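Heads up: the sequence shown at position 97 corresponds to 98 in the working numbering, and the numbers run straight through without jumps.
Think of the CB as a built atom: it goes at the ideal place given N, C-alpha and C, for glycine as much as any other residue.
None of these values were measured; they are calculated from a predicted model.
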Amino acid sequence: MTILSDKSFAHKMAALGPFEAEPHLAIAVSGGGDSMALVLLADQWAKAQGGQVTALTVDHGLRAESAREAAQVATWLQARGIAHEILPWTHPKPRTGVQKAAREARYALMSEWCRRQGVLHLALAHNLEDQAETYLMRLGRGSGVDGLAAMPECLELTDIRLLRPLLDASRQSLRELLEARGQDWVEDPSNENTAYARTRVRALLSPLAGGGISPKRLAKAAARYGSARLALENQTARLLAECVAVYPLGYASLSFNALMAADQEIAYRALSRVLCCIGGRQFGPSVEKLARLYKSLREGEGFRGRSLGGCRIDSSDRNILITREVRSGVLSLVVRPGETIHWDRRFKITLGGVGADETNDNSSSLKLNFLGKQGWNTALQQAPELADHHVAYAAKVSLPALFDGEGICQIPHLGYQRAGAAFIQKSQFCPPNSVSSQGFFLA
């Protein structure tokens, strides 16, 4: 267990590097003891490098006192000269799965802030006990190597690095550091709510430790699974380099022969990685579902395509085509000229203004959606030259398209734009997980 100090923290950060000169780190700060300790340590480290930190507090609005607590964090950090921003979660709250939805919203808000500000590193305050709890929860679900590796110290996503420099620091040591530095913290009552699975698992740590199964030993087991996961991911990366092509239009093709020649476990992982990328998902399908897909592909004859992980999988001529699954109306999103959004978690889209010869202002009715079968047929009638695009039909109908009250305005990836209509200035395929990035690594 690490004895916390600015020196030991600097040693851990060096292992998580390299960092740019004068680094700027975003720190997730709820106001609890773990995150308050992290922001104090990270602030000292960043200043020693000539850099800075910005603390980000997400106000979920789930408790009456959340706004007051966020303001209290702002006051504490302002007194220490630490930049701080409050990010409110303003979307409607779900009736079920609240913790999961709140977690996803929290990461989305902080990640988007980092992208807008050009900040590459987002530090999270998960500690030793958090890692032990995650390991036990995954064990209880019957997870394989990836799940039992629990949380990585660094997770590299498409345009952001998630850092967890406190995974070997105990919850108690973090509070002792705060007491030594005269810093208070907020106690979140939801941490005691036994309606949540993590709270129930947390209650097991003490009796397990009494039997010799300490959080430190559980975290060590997770680290060993992490090493095994890395070895498997290295093999998967080599296979992907041989057999996969990913296209800017948001689809991928795989060599059937190369995939089937690989070890079955590695083939499953390759399929999962591609499905995550094209489907815009954070996590891949279960091993059971991947095994069924693999078996169907291997048997060949009679394979009529399949949907999995938000993707459509088709196979012909020893080639596997993976495209985004199109579901009518699901991703219809109202947008405004000048806005930049991350549509379908896959495309970063920036809208320009309104064409100079626009006579009817339809900007209030602009919507982004899949092009879809009907949209493609309509566009083809208006611009027959679109038929010259040698792109698979399943890929074309899954593309983002801009609609208004008069119909299709633009299909940016096919070069179609209706005269005088509001337009997409830029559309870039930018999924949360790339095929090439391994993401998970241990310091």
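State the start and end residues of the unbroken alpha helix (DSSP H) segment that holds residue i.
i    : result
P89  : Taken as a continuous stretch (DSSP letters only), P89 belongs to no alpha helix (DSSP H), being part of the beta strand (DSSP E) at 84-89.
E21  : First-last for E21: undefined, no H or E at that position.
T200 : 198-211
L178 : 172-181
A273 : Rather than Ala, the amino acid found at residue 273 in this sequence is Ser. Element bounds for S273: 265-280.
H437 : Sequence check: residue 437 is Ser here, not His. Segment: none, S437 is in no alpha helix (DSSP H) and carries neither H nor E.
Can you say whether residue i is buried or exposed, counting buried as having 16 or more other CB atoms within 10 angstroms of its CB?
i    : result
L334 : exposed
E154 : buried
A68  : exposed
G63  : The sequence shown places Leu at residue 63, rather than the Gly named in the question. The residue is exposed, with fewer than 16 neighbouring Cβ atoms inside 10 Å.
T360 : Summary for T360: the model assigns pLDDT 40, below 50, so the residue's position carries little reliability; its value from the coordinates is reported in the next sentence. Looking at its Cβ environment, which holds fewer than 16 other Cβ atoms inside 10 Å, T360 is exposed.
Y136 : buried
S6   : exposed
F20  : buried
D397 : One detail in the question is off: residue 397 reads as Lys in this sequence, not Asp. Buried: at least 16 other Cβ atoms inside 10 Å.
E340 : exposed
S228 : exposed
Q429 : exposed
H85  : buried
H414 : buried
Q383 : exposed
For the putative contact between residue i and residue j, defined by C-beta atoms under 8 Å, what is the C-beta separation to the nearest angstrom?
i    : j    : result
S317 : R307 : Between R307 and S317 the Cβ distance is about 13 Å, and since that is not below 8 Å, they are no contact.
L175 : N235 : Their Cβ separation, rounded to whole angstroms, is 33 Å, which puts L175 and N235 out of contact at 8 Å.
L125 : R139 : About 18 Å separates the two Cβ atoms, so there is no contact after all.
V54  : L110 : Not a contact, Cβ separation roughly 17 Å.
M447 : R299 : As shown, the chain starts at 2 and ends at 444. That puts residue 447 outside it, with no answer to give.
L272 : L291 : 6 Å
S160 : R230 : Looking at the sequence shown, residue 160 is not Ser but Asp. 23 Å between Cβ atoms; not a contact.
R201 : G281 : That belief does not hold up - the Cβ atoms of R201 and G281 are roughly 32 Å apart, past 8 Å.
P401 : F348 : 5 Å
A27  : H122 : 7 Å
If you reduce the DSSP assignment to three classes, tell me which class residue i lands in.
i    : result
H1   : Only positions 2 to 444 of the chain appear in the structure, and residue 1 is not among them; the question remains open.
E157 : strand
C410 : strand
P190 : helix
A378 : Checking the displayed sequence, the identity of residue 378 turns out to be Asn instead of Ala. N378: helix per DSSP, three-state reduction.
L125 : coil
R474 : Within the shown structure, residues of the chain are numbered from 2 to 444, placing residue 474 beyond reach of any answer.
A357 : Here the model assigns A357 a pLDDT of 39, short of 50, so the residue's position is not dependable and the matter cannot be decided.
S144 : coil
V54  : strand
K427 : strand
T351 : strand
T97  : coil
R337 : coil
D405 : strand
S297 : helix
Tell me where the beta strand (DSSP E) around residue i begins and ends.
i    : result
C312 : 312-317
L164 : 162-164
I342 : 341-344
Unbroken stretches of the beta strand (DSSP E), 3 residues or longer, contained in the segment 219-259: Taking only runs of at least 3 residues, the beta strand (DSSP E) segments lying wholly in the segment 219-259 are 245-248, 252-256.
Within the segment 28-74, ranges of the alpha helix (DSSP H) (whole runs, at least 4 residues): Counting only runs of 4 or more residues that sit fully inside the segment 28-74, the alpha helix (DSSP H) segments are 34-49, in chain order.
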